[in-house]
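Take a look at the structure set out below.
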Amino acid sequence: MSTTPAGLRMLDEVRAATGTGWTVAVAGPAEVITDPNEAARHRRTSTSRTYGPHGATVRVRPRTVSGFRSARGREG
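See below:
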């Protein structure tokens, strides 16, 4: 595995019907997964919303995690 200094993974969900959602950011060292079996397992179980072919599967080992929940504002 090759390690890069830092990686960032952001996860988001917004529920249009309720105007609520959340965002989470995870940062830490990133590693390219070079083992074909491990990479295939991650691709099978990933819930990524990124479509199309990818050149590499990357693992981020969290050092910091931050996030927030959003809600529809009040008019008035």
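Residue numbers 0 to 75, in numbering that gives the first Met the number 0, belong to the letters of the sequence shown in order.
For each residue, glycine too, the CB sits at the ideal point set by N, CA and C.
Checklist entry - Would you call the CB atoms of valine 31 and valine 59 closer than 8 Å? => result Walking along the sequence shown from the start, residue 31 turns up at place 32. Walking along the sequence shown from the start, residue 59 turns up at place 60. For valine 31 and valine 59, no; Cβs fall outside 8 Å.
Item to check | 6 Å CB neighbourhood of serine 69 in its chain, flanking five on each side removed | outcome: If you number the sequence shown from 1, residue 69 lands on position 70. The answer, listed in chain order, is Gly20.
Checklist entry - For alanine 55, does the three-state DSSP call read helix, strand or coil? => result As a first step, residue 55 is located in the sequence shown; it is residue number 56 there, counting from the start. If DSSP states are grouped into helix, strand and coil, alanine 55 belongs with coil.
Next on the checklist: Does alanine 24 come out as helix, strand or coil in the three-state DSSP assignment?
Outcome noted: Here residue 24 refers to the residue found at position 25 of the sequence shown. It is a strand residue.
Item to check | Reference arginine 71, options Gly18, Thr33, Ala38, closest by Cα | outcome: Here residue 71 is taken as the residue at index 72 of the sequence shown, counted from 1. Answer by Cα proximity: Gly18.
Checklist entry - If we ignore side chains and look at the alpha-carbon of each, how far apart do alanine 15 and threonine 22 end up? => result Here residue 15 corresponds to residue number 16 of the sequence shown, with the count starting at 1. Here residue 22 corresponds to residue number 23 of the sequence shown, with the count starting at 1. Looking at the two C-alpha atoms, the distance is approximately 15 Å.
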